[in-house]
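Student: Residue numbers (the working numbering), protein chains in the order written: chain A, 84 to 323; chain B, 8 to 299.
Structure in C-alpha cells, see below.
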C-alpha cells in the first residue's frame, strides 16, 4: 500500500485534511530540526545572539503542537478514520508530543549556550558535545525522512543508532568529570556542558520514539519498549 | 483438507491474493481465497463453498464461513457485494425467490439445513431474522410477540403466553415503554420502538441465531444506540450475524468482521484487527473510504 493511496479517498476534502496534517508535521519537524542545529552551533561557536534566538524559539513549536493536535481531534471527530488513516492520526498525536519535547531540549541547550558564551577558555570544553549533538541531529533528520517516505527500513536503521549516542554521552560525562577534577573552578560551566550533552542524548531518544511511530503507522506493529534486536526480529517477519 | 490446513493455506496465500486483486477487477472463482480466519473452533453455523445465483447472474462466489457460538459477526461491504444474500442463505430466506439457486453446504449445530427433511418454518424459528425496515404485523403489540410462540405451540395457556410476551419485550428493552398499551397496534409505535418490537418478536420463539439485515438504517442515533446495546446483551444467549452499512456500527457491536466484495468473501478477522490493521487492500480501501 503505497504512499499514493493518501490521495485516493472518495472525499477530496478528507484527502486534503490528511495531507495537510502530514505536511504540518513535516513543517514542525523541520522547525525543530533547525532549532537543534542552531542550538549546537550556538554552543560550539559561543554565538550568544543565536543562543538567545534558539532559547526563545520554542513558543513557535508549542503553537504548532497545539494546532496539529487540534487538527487530529477534528479528523477523529468528523471522519472517524480507520485502518491506515487511524494509525496515521494516532501516530501523529504521539509524534508531535515528541517533537515538542525535542524543541524544549533544544531551547534548554540554547539557554545553557547563552550562559556559556563568555566563559573563560570556553573552547576547551564547549566543543566537546559537537559530535554527540551532530549525531542526535542526524537521527532526528533521519526520523523525519523516514516519516516523509513512510520508510520502515530507514526507521529501523535510525533506532539502531541510539546505543551509539548513549555510549557517547556516557564517555562525555566521564571526560567532563575529569575536567572538573582538574579545574574545580569551572565546575559550574562543566555541569552546563553536561546538561547540553544530556539534552542531545534525550533528543536521540525522542528521534527513536518518532521512528517507532513510523513503524506503527506503516506496519501496524507497536514496537515501543522493544529492544532493537526484538524490533529486527519482527521486522524480518514483515512482508517486504 | 482439515480446518487447520485450510487456515494455513488461506494465510499462505494472503500475500499472493493481495497482489492479484484490484477493486475494478472481476476475479474468477479459482483466483481468490479468503484472507484471515473464516473458520472458528466453536461454530454455531457453518457454510461451505457457497454459490448463489439469481437466474444467470452469480451473486455469491465460493464463500466458506463459520458463525461462532455466542458471537456477533458483522458483514460489511459495498452495495451489491452479496452480504445480504449470504445472510439470507442462513435461514433459507432465498427459497422464496423463484429464480434464486443456492449451492453449498450449510449446517446449524452440525445439522444440514438444506436437507430434504428440513422444515423451513422450524428452521426460521431457530434462526430468526430482523429486517432493515421495522415490519410489525398490523396487530396489537401483544399479538405481534405472541404470534410466533402460538404457531409453534410454545405456550400452553394464557399465563404462559403472558410470560413469554413480557419476557421477550423486556429482553428487547421495550417492555417499560409499552406495558400499559399492549393492546394498541404495533404500527403506532415510533420507528425505534417498532424495530425493538420486531426483535422481541424474533426472540419470542427462542431462536438460537438472530440474523439482522441493517437493523438500524431507518433509525435515529438514540434508537440505534439502544439497539446496539441490546445486541450486546443478546449475545450472552444468542448468536448474531449482522449486515450493516455503518462501519462504526460494525466496529462497535461485533467481535468478528467479514468483508464482502463483488460476491466474494475477501477477508474475515477480529473486528479490532480489521479496523486497525486490515490485511487485504480491498478491505483497507473500503473501511478507509477510498474509491467508494
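Note that the Cβ used here is the ideal one computed from N, Cα and C, for glycine as well.
Less than 7 Å between CB atoms is the rule here; does residue 92 of chain A satisfy it with respect to chain B?
Tutor: Closer than 7 Å to some Cβ of chain B, the Cβ of residue 92 of chain A qualifies, so yes.
Student: Spatial neighbours of residue 162 of chain B within its chain, please: C-beta separation below 7 Å, excluding the five flanking residues on both sides.
Tutor: If we look at residue 162 of chain B and ignore the five residues flanking it on each side, its Cβ neighbours are 156, 168 and 171.
Student: Check whether the Cβ of residue 165 of chain A lies closer than 7 Å to any Cβ atom in chain B.
Tutor: yes
Student: Classify residue 200 of chain A as helix, strand or coil using the three-state DSSP reduction.
Tutor: coil
Student: Consider the Cβ of residue 295 of chain B: report whether some Cβ of chain D lies at a distance smaller than 7 Å.
Tutor: Absent from the structure: chain D. Protein chains present are A and B.
Student: Under 7 Å, do residue 197 of chain A and residue 131 of chain A count as touching if we go by C-beta distance?
Tutor: A Cβ-Cβ contact shorter than 7 Å links residue 197 of chain A with residue 131 of chain A.
Student: Tell me which same chain residues have a C-beta within less than 7 Å of the C-beta of residue 237 of chain A, skipping the five on either side of it?
Tutor: 225, 228 and 229
Student: Distance check for residue 85 of chain B and residue 287 of chain B, CA to CA, integer angstroms please.
Tutor: 15 Å
Student: How about residue 303 of chain A: is its C-beta nearer than 7 Å to some C-beta of chain B?
Tutor: yes
Student: Look at the Cβ atom of residue 92 of chain B, then the Cβ atom of residue 59 of chain B, and state whether they are nearer than 7 Å.
Tutor: Yes, these two residues count as a Cβ contact at 7 Å.
Student: Taking residue 52 of chain B as part of the beta strand (DSSP E), name the residues at either end of that continuous run.
Tutor: Taken as a continuous stretch (DSSP letters only), the beta strand (DSSP E) holding residue 52 of chain B covers 50-61.
Student: Closer than 8 Å by C-beta to residue 32 of chain B: which residues in its own chain qualify, once you throw out the five before and the five after it? Chain order, please.
Tutor: Residue placement at residue 32 of chain B is poorly supported in this model, since its pLDDT is 45, which falls under 50; the coordinates still yield a value, given next. Excluding its 5 nearest sequence neighbours in each direction, residue 32 of chain B has no C-beta neighbour in its own chain below 8 Å.
Student: Quick check on DSSP: helix, strand or coil for residue 299 of chain A?
Tutor: helix
Student: Helix, strand or coil for residue 3 of chain B per DSSP?
Tutor: Examination of residue 3 of chain B is not possible in this model, given that chain B is present from 8 through 299 alone.
Student: Among the candidates B:210, B:127 and B:153, whose CA atom is the shortest distance from the CA of residue 189 of chain B?
Tutor: Of the candidates B:210, B:127 and B:153, the one whose C-alpha sits nearest the C-alpha of residue 189 of chain B is B:153.
Student: Return the first residue and the last residue of the beta strand (DSSP E) that residue 125 of chain A is part of.
Tutor: No beta strand (DSSP E) holds residue 125 of chain A; the alpha helix (DSSP H) holding it covers 95-128.
Student: Inspect the CB distances between the segment 115-128 of chain B and the segment 184-199 of chain B and report whether three or more fall short of 8 Å.
Tutor: no
Student: State yes or no: is the C-beta of residue 101 of chain B nearer than 6 Å to some heavy atom of the ligand GTP?
Tutor: You won't find the ligand GTP in this model; it holds no ligand whatsoever.
Student: Would you decide whether residue 264 of chain A is buried or exposed? Buried here means 16 or more other CB atoms lie within 10 Å of its CB.
Tutor: exposed
Student: Could you tell me the distance, in whole angstroms, from the CA atom of residue 284 of chain A to the CA atom of residue 46 of chain B?
Tutor: 50 Å
Student: Near residue 252 of chain A, which residues of its chain fall below 8 Å by C-beta distance, leaving aside the five closest residues on each side in sequence?
Tutor: Within the same chain, residue 252 of chain A has close Cβ partners 215, 280, 281, 283 and 284.
Student: I'd like to know whether the C-beta of residue 267 of chain B is nearer than 7 Å to at least one C-beta of chain A.
Tutor: Judged by the 7 Å Cβ criterion, residue 267 of chain B is not in contact with chain A.
Student: Does any residue of chain A bring its CB to less than 7 Å from the CB of residue 284 of chain B?
Tutor: yes
Student: Could you have a look at residue 65 of chain B and say whether DSSP puts it in helix, strand or coil?
Tutor: strand
Student: Run down chain B in chain order and give the residues with a C-beta less than 8 Å from the C-beta of residue 161 of chain A.
Tutor: None at all; the shortest Cβ gap to chain B is about 12 Å.
Student: Suppose the cutoff is 6 Å on Cβ atoms and the five residues either side in sequence are ignored; what does the same chain contact list for residue 176 of chain A look like?
Tutor: Cβ within range, chain order: 155.
Student: For the beta strand (DSSP E) that residue 81 of chain B lies in, which residues bound it at each end?
Tutor: 79-83
Student: Can you pull the chain B residues whose beta carbon is under 7 Å from the beta carbon of residue 168 of chain A, in chain order?
Tutor: 295
Student: Would you identify the three-state DSSP class for residue 182 of chain A, choosing helix, strand or coil?
Tutor: helix
Student: So what does DSSP say about residue 271 of chain B, is it helix, strand or coil?
Tutor: Strand.
Student: For my contact list, residue 222 of chain B and residue 234 of chain B are in at a C-beta cut-off of 8 Å; report their separation, rounded to the angstrom.
Tutor: For residue 222 of chain B against residue 234 of chain B, the beta-carbon gap comes to about 6 Å, under 8 Å, which counts as contact.
Student: Can you give the Cα-Cα distance for residue 165 of chain A and residue 283 of chain B, rounded to whole angstroms?
Tutor: 6 Å
Student: Within the same chain, show all residues whose beta-carbon is closer than 7 Å to that of residue 285 of chain B, passing over the 5 residues directly before and after it, in chain order.
Tutor: 274, 291 and 294
Student: Can you check DSSP and say which residues form a bridge with residue 276 of chain B?
Tutor: Bridge partners of residue 276 of chain B: B:264.
Student: Are residue 43 of chain B and residue 276 of chain B touching if we call contact CB-CB under 7 Å?
Tutor: yes
Student: Please check if any C-beta of chain A sits within less than 7 Å of the C-beta of residue 255 of chain B.
Tutor: yes
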